[in-house]
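Chemist:
Number of protein chains: 2
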Amino acid sequence: MSTDQPTVLIVGSGAIGSFYGAILHRAGASVSVVSRSDYDVVSERGYRISSPLGDLSFKPAQVLRSVDECTTPPDFLVLSVKVFDDLDRAELIRPAVGPNTAIVLIQNGIEIEPPIAAALPSNPLVSALAFIAVSRVGTGDVEHKAYGRLVLGDYPSGAGEACKRFGDLLRAGGVNATVTEQVVRERWLKAVWNAPLNPLAVLGNGADTQIMLETEGGEALARALMQEVCDVAAAAGHPLPPESVEQNISGTLKMPAYRNSMALDWLNDRPLELEAILGNVVREAQRVNVPVPHLQTVYTATKILLADREQRKRGG
Amino acid sequence: MSTDQPTVLIVGSGAIGSFYGAILHRAGASVSVVSRSDYDVVSERGYRISSPLGDLSFKPAQVLRSVDECTTPPDFLVLSVKVFDDLDRAELIRPAVGPNTAIVLIQNGIEIEPPIAAALPSNPLVSALAFIAVSRVGTGDVEHKAYGRLVLGDYPSGAGEACKRFGDLLRAGGVNATVTEQVVRERWLKAVWNAPLNPLAVLGNGADTQIMLETEGGEALARALMQEVCDVAAAAGHPLPPESVEQNISGTLKMPAYRNSMALDWLNDRPLELEAILGNVVREAQRVNVPVPHLQTVYTATKILLADREQRKRGG
Numbered sequence: 002m003s004t005d006q007p008t009v010l011i012v013g014s015g016a017i018g019s020f021y022g023a024i025l026h027r028a029g030a031s032v033s034v035v036s037r038s039d040y041d042v043v044s045e046r047g048y049r050i051s052s053p054l055g056d057l058s059f060k061p062a063q064v065l066r067s068v069d070e071c072t073t074p075p076d077f078l079v080l081s082v083k084v085f086d087d088l089d090r091a092e093l094i095r096p097a098v099g100p101n102t103a104i105v106l107i108q109n110g111i112e113i114e115p116p117i118a119a120a121l122p123s124n125p126l127v128s129a130l131a132f133i134a135v136s137r138v139g140t141g142d143v144e145h146k147a148y149g150r151l152v153l154g155d156y157p158s159g160a161g162e163a164c165k166r167f168g169d170l171l172r173a174g175g176v177n178a179t180v181t182e183q184v185v186r187e188r189w190l191k192a193v194w195n196a197p198l199n200p201l202a203v204l205g206n207g208a209d210t211q212i213m214l215e216t217e218g219g220e221a222l223a224r225a226l227m228q229e230v231c232d233v234a235a236a237a238g239h240p241l242p243p244e245s246v247e248q249n250i251s252g253t254l255k256m257p258a259y260r261n262s263m264a265l266d267w268l269n270d271r272p273l274e275l276e277a278i279l280g281n282v283v284r285e286a287q288r289v290n291v292p293v294p295h296l297q298t299v300y301t302a303t304k305i306l307l308a309d310r311e312q313r314k315r316g317g
Numbered sequence: 002m003s004t005d006q007p008t009v010l011i012v013g014s015g016a017i018g019s020f021y022g023a024i025l026h027r028a029g030a031s032v033s034v035v036s037r038s039d040y041d042v043v044s045e046r047g048y049r050i051s052s053p054l055g056d057l058s059f060k061p062a063q064v065l066r067s068v069d070e071c072t073t074p075p076d077f078l079v080l081s082v083k084v085f086d087d088l089d090r091a092e093l094i095r096p097a098v099g100p101n102t103a104i105v106l107i108q109n110g111i112e113i114e115p116p117i118a119a120a121l122p123s124n125p126l127v128s129a130l131a132f133i134a135v136s137r138v139g140t141g142d143v144e145h146k147a148y149g150r151l152v153l154g155d156y157p158s159g160a161g162e163a164c165k166r167f168g169d170l171l172r173a174g175g176v177n178a179t180v181t182e183q184v185v186r187e188r189w190l191k192a193v194w195n196a197p198l199n200p201l202a203v204l205g206n207g208a209d210t211q212i213m214l215e216t217e218g219g220e221a222l223a224r225a226l227m228q229e230v231c232d233v234a235a236a237a238g239h240p241l242p243p244e245s246v247e248q249n250i251s252g253t254l255k256m257p258a259y260r261n262s263m264a265l266d267w268l269n270d271r272p273l274e275l276e277a278i279l280g281n282v283v284r285e286a287q288r289v290n291v292p293v294p295h296l297q298t299v300y301t302a303t304k305i306l307l308a309d310r311e312q313r314k315r316g317g
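In order, the protein sequence lines correspond to chains A and B.
The numbering of the first sequence is the numbering used here, which starts it at 2 and goes up by one.
The numbering of the second sequence is the numbering used here, which starts it at 2 and goes up by one.
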């Protein structure tokens, strides 16, 4: 790793990628991006990013049309594409990964690191969870609404030099970054909410949190689903605090009605991160032999809904 | 009960009601109907009913705008409205029920008889299940596509004179009618398919049987849901044959892809018989203390979906 200005390549320059790119730019890093769809606009005038932190607009050091165009491996390769089964993320980034490149995943879900760790075993692998409300509002235009905290750690555990340095950069850029030695456990903590309530909102045709929890039986169902996530986490070696379910329920009840990201993906006819968010939890449950009938039902019903959508698109 | 021409009043003259009205008319009964929405057309020219059995078109003896207009209680009052929580079916029919009127329910669901039995305890109460494919295709126009068999018996058990006579009329009119002494058990048998696959199709936005069973995990989910229905039935005193689940699955796999009635109700923005078809199964499970996590999840998710639809209609 170079000791002077750190270099960063953002792969997946949607809302999340361009926001954290801006933060790293603000911290003094040389930030390049891979952007195929927004290439022309971003090459010419960079990203426009409005934020409660101030104007975060920036021009990347380089804009690449594809990862193959990367000639000098970066110190940090930030991968922030959505996680879909039909995308081989390791092969996507491999052309830009040098021997000293630290790979930073800013992605949702459970067990999303193993394919990268297996394919690129000698690189530092930092796994990060974003707690943020940010949207792409147009070509090269991003609106950061609230939050921005990252929790990050090495996969599968620990927090090495690259991880700490990346955390320092984020803080220098103005966001809260918490380095953890147990990032897998942090992913399970986040999954307590995400795994149940993202797909349940999709089954509800984009139902918001208030509809989900206030419909008769909805809160009890949410608790049962969340408890199953906790049971799987514990059996997988990551026991969560006993109050996790209660905190997630009471926290959600206190929030204004909120339509989550998977619900928005559904309503906008985009692919869903169903496997990363819920499918991997169900598979982990099978591996550790924990029954998850509620999660299994939500998972399969959502797959049926997606299969129906595909059939309609094919004109069936 | 009169010994000459039997009199019938059909309350709920949709596709099911008018079809069986035609059958009873063909058997020689004097068939009157209550029809508010189709009053003008049906008064003038009766029902036009196409059927593989031949032309079943008929003119009712009387067409009433409401049950209150009934001056002479019929021998048989056939109730074939859909079963919704906000409709008091006993109060609906009470004005036409005389001391000797046999009440015949041709309706879907589990535990749909108790409110009628409680409100009108001294009348014979015949509970009937229709196995039929029939649709209303226009005002006073009905298309009978296939099947037509009824299974009927007295509620809660037995098969008295009125029940047998009604079965005889149906057979005389040309449909298969099986009189049972255990009609509640027959309802549970039908619920093995209906309770799981009707609402699951709704969660799948109208998914057909092929999509439901052939999506990865779909057949296993259907089996789990069906097994829960069998477990509840057994605990409620109605043990079903051990091969029930298997027969329902293999029978459905052999059928062409089929979109069930609740899926069609959903797609056509009509109310769903969710409580009669599934809600009452879940409540019976609670009463007999049988865990039904898969059914509970489908039930609550469907209620969330309906709550979301209601909120959208209110402009929320």
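Note that beta-carbon positions come from the ideal geometry of N, C-alpha and C, so glycine has one too.
Computed from a predicted model, the values in this text were never measured in an experiment.
Which full runs of the beta strand (DSSP E) of 3+ residues lie inside the stretch 244-309 of chain B, going along the chain?
Modeler: Correct list: empty.
Chemist: In whole angstroms, give me the CA-to-CA distance for Asn-1(A) and Gln-211(A).
Modeler: It is not possible to answer for residue 1(A), since the shown part of chain A is limited to 2 through 317.
Chemist: Go through its chain and collect everything with a Cβ distance to Ser-3(B)'s Cβ below 8 Å, but skip five positions before and after it.
Modeler: Counted from its first residue, the second sequence places residue 3(B) at position 2. Any reading at Ser-3(B) needs caution, since the residue's pLDDT is 48, under 50, leaving its predicted position unreliable; the model's value is listed next. Here the set comprises Asp-76.
Chemist: Would you call the stretch 61-72 of chain A and the stretch 19-36 of chain A touching, i.e. three or more CB-CB distances under 8 Å?
Modeler: The answer is yes - the stretch 19-36 of chain A touches the stretch 61-72 of chain A, with three or more Cβ pairs under 8 Å.
Chemist: Out of Pro-257(A), Asn-206(A), Leu-254(A) and Ser-251(A), which one is the CA nearest neighbour of Lys-304(B)?
Modeler: Within the second sequence, the letter at position 303 stands for residue 304(B). The shortest C-alpha separation from Lys-304(B) is found at Asn-206(A).
Chemist: Are there 16 or more other CB atoms within 10 angstroms of the CB of Ser-38(A), so buried, or fewer, so exposed?
Modeler: Looking up residue 38(A) in the first sequence gives position 37. It counts as exposed.
Chemist: In the DSSP assignment, what residue or residues form a beta bridge with Phe-77(A)?
Modeler: Sequence index remark: in the first sequence, residue 77(A) carries index 76 (1-based). In DSSP, Phe-77(A) forms a bridge with Val-9(A) and Ala-103(A).
Chemist: How about Val-35(B) and Leu-10(B): do their beta carbons lie closer than 8 Å?
Modeler: Start at 1 with the first residue of the second sequence, and residue 35(B) comes out as number 34. Start at 1 with the first residue of the second sequence, and residue 10(B) comes out as number 9. Taking 8 Å as the Cβ cut-off, Val-35(B) and Leu-10(B) qualify as a contacting pair.
Chemist: How many Å lie between Glu-144(B) and Leu-254(B) at the Cα?
Modeler: Counting from 1 along the second sequence, the entry for residue 144(B) is found at position 143. Counting from 1 along the second sequence, the entry for residue 254(B) is found at position 253. Between Glu-144(B) and Leu-254(B), the C-alpha separation is close to 26 Å.
Chemist: In whole angstroms, give me the CA-to-CA distance for Tyr-21(B) and Met-227(A).
Modeler: If you number the second sequence from 1, residue 21(B) lands on position 20. If you number the first sequence from 1, residue 227(A) lands on position 226. Those two C-alpha atoms are separated by around 48 Å.
Chemist: How about the stretch 283-293 of chain A and the stretch 213-233 of chain A: do they share at least three Cβ pairs that are nearer than 8 Å?
Modeler: Judged by Cβ distances under 8 Å, the stretch 283-293 of chain A makes contact with the stretch 213-233 of chain A, as three or more pairs qualify.
Chemist: If Arg-90(B) and Leu-80(B) are in contact, beta carbons under 8 Å, what's the gap, nearest whole angstrom?
Modeler: Indexing the second sequence from 1 puts residue 90(B) at position 89. Indexing the second sequence from 1 puts residue 80(B) at position 79. That pair is a contact at about 6 Å.
Chemist: Whole-angstrom Cβ separation of Met-263(B) and Ala-202(B), contact assumed at under 8 Å?
Modeler: The residue you call residue 263(B) lines up with position 262 of the second sequence. The residue you call residue 202(B) lines up with position 201 of the second sequence. Contact holds; Cβ gap of about 6 Å.
Chemist: Within the 8 Å Cβ cut-off, does Gln-312(A) reach chain B?
Modeler: For the purposes of this step, residue 312(A) is taken as residue 311 along the first sequence, with counting starting at 1. Yes - at least one Cβ of chain B is within 8 Å of the one on Gln-312(A).
Chemist: In whole angstroms, give me the CA-to-CA distance for Val-185(A) and Tyr-259(A).
Modeler: Within the first sequence, residue 185(A) is the residue found at index 184, counting from 1. Within the first sequence, residue 259(A) is the residue found at index 258, counting from 1. Near 26 Å, if we compare the C-alpha coordinates of Tyr-259(A) and Val-185(A).
Chemist: Going by the CB atoms, is the gap between Leu-151(B) and Leu-170(B) shorter than 8 Å?
Modeler: By one-based count along the second sequence, residue 170(B) stands at place 169. By one-based count along the second sequence, residue 151(B) stands at place 150. For Leu-170(B) and Leu-151(B), no; Cβs fall outside 8 Å.
Chemist: Applying a beta-carbon distance threshold of less than 8 Å, which residues of chain A neighbour Met-213(B)?
Modeler: Within the second sequence, the letter at position 212 stands for residue 213(B). Those are Ile-305, listed as they occur along chain A.
Chemist: Using the C-alpha atoms, what's the distance from Thr-72(B) back to Glu-187(B)?
Modeler: Here residue 187(B) refers to the residue found at position 186 when the second sequence is read from its first residue. Here residue 72(B) refers to the residue found at position 71 when the second sequence is read from its first residue. About 34 Å.
Chemist: Which of the three DSSP states is assigned to Arg-66(A) in this structure?
Modeler: As a first step, residue 66(A) is located in the first sequence; it is residue number 65 there, counting from the start. If DSSP states are grouped into helix, strand and coil, Arg-66(A) belongs with coil.
Chemist: What is the DSSP secondary structure of Asp-142(A), counted as helix, strand or coil?
Modeler: Along the first sequence, one-based indexing puts residue 142(A) at 141. Strand, per DSSP.
Chemist: I'd like to know whether the C-beta atoms of Val-299(B) and Leu-204(B) end up nearer to each other than 8 Å.
Modeler: Translated into positions along the second sequence, residue 299(B) becomes position 298. Translated into positions along the second sequence, residue 204(B) becomes position 203. Going by C-beta atoms, Val-299(B) is nearer than 8 Å to Leu-204(B).
Chemist: Output, in chain order, the set of chain B residues within a Cβ distance shorter than 9 Å of His-295(A).
Modeler: Here residue 295(A) refers to the residue found at position 294 of the first sequence. Residues of chain B passing the Cβ test: Pro-294, His-295, Gln-297 and Thr-298.
Chemist: Are the stretch 118-132 of chain A and the stretch 149-163 of chain A in contact at 8 Å, needing three or more beta carbon pairs?
Modeler: A contact exists between the stretch 118-132 of chain A and the stretch 149-163 of chain A.
Chemist: Could you name the residues of chain A that Asn-206(B) contacts, counting a contact when the two beta carbons are closer than 8 Å?
Modeler: Residue mapping note: residue 206(B) aligns to position 205 of the second sequence, counting from 1. Simply Asn-206, Leu-306, Asp-309 and Arg-310.
Chemist: Nearest-angstrom Cα distance between Asn-281(B) and Ala-196(B)?
Modeler: Locating residue 281(B) in the second sequence gives position 280, where the first residue counts as 1. Locating residue 196(B) in the second sequence gives position 195, where the first residue counts as 1. Each residue's Cα considered, the two are about 9 Å apart.
Chemist: Just to make sure I have the definition right: I need the residues of chain B whose C-beta is within less than 8 Å of the C-beta of Leu-201(A). Which are they?
Modeler: Position 200 of the first sequence, counted from the first residue, corresponds to residue 201(A). Result: Ala-302 and Ile-305.
Chemist: Which residue marks the beginning of the alpha helix (DSSP H) containing Thr-210(B), and which one marks its end?
Modeler: Sequence index remark: in the second sequence, residue 210(B) carries index 209 (1-based). That run of the alpha helix (DSSP H) goes 210-215.
Chemist: Would you verify that the beta carbon of Thr-179(B) is, or is not, closer than 8 Å to some beta carbon of chain A?
Modeler: Counting from 1 along the second sequence, the entry for residue 179(B) is found at position 178. No - not a single Cβ of chain A is within 8 Å of the one on Thr-179(B).
Chemist: Just checking: is the beta-carbon of Glu-92(B) within a distance shorter than 8 Å of some beta-carbon in chain A?
Modeler: Within the second sequence, residue 92(B) is the residue found at index 91, counting from 1. Cβ-Cβ to chain A under 8 Å: no for Glu-92(B).
Chemist: Which of the three DSSP states, helix, strand or coil, is assigned to Ser-19(A)?
Modeler: Position 18 of the first sequence holds residue 19(A). Three-state result, Ser-19(A): helix.
Chemist: Say whether chain A places a C-beta atom closer than 8 Å to the C-beta of Glu-217(B).
Modeler: Within the second sequence, residue 217(B) is the residue found at index 216, counting from 1. Closer than 8 Å: yes.
Chemist: Find the nearest neighbour of Lys-191(A) within the set Arg-95(A), Ser-158(A), Ala-221(A) and Ala-234(A), judged by alpha-carbon distance.
Modeler: For the purposes of this step, residue 191(A) is identified with residue 190 of the first sequence, where counting begins at 1. When only C-alpha atoms are compared, the closest one is Ala-234(A).
Chemist: In angstroms, rounded to a whole number, what distance separates the CA positions of Trp-194(A) and Thr-179(A)?
Modeler: Counted from its first residue, the first sequence places residue 194(A) at position 193. Counted from its first residue, the first sequence places residue 179(A) at position 178. Approximately 20 Å, taken between the alpha carbons.
Chemist: Would you decide whether Ala-221(B) is buried or exposed? Buried here means 16 or more other CB atoms lie within 10 Å of its CB.
Modeler: Indexing the second sequence from 1 puts residue 221(B) at position 220. Ala-221(B) is exposed by the Cβ-count criterion.
Chemist: Output needed in chain order: residues of the stretch 262-275 of chain B with a Cβ under 7 Å from some Cβ in chain A.
Modeler: So the list is empty, because no residue satisfies the distance condition.
Chemist: Given that Leu-222(B) touches chain A, what residues does it touch there, using C-beta distances under 8 Å?
Modeler: Translated into positions along the second sequence, residue 222(B) becomes position 221. Ordered by position in chain A, the residues that pass the 8 Å Cβ test against Leu-222(B) are Gln-297, Thr-298, Thr-301 and Ala-302.
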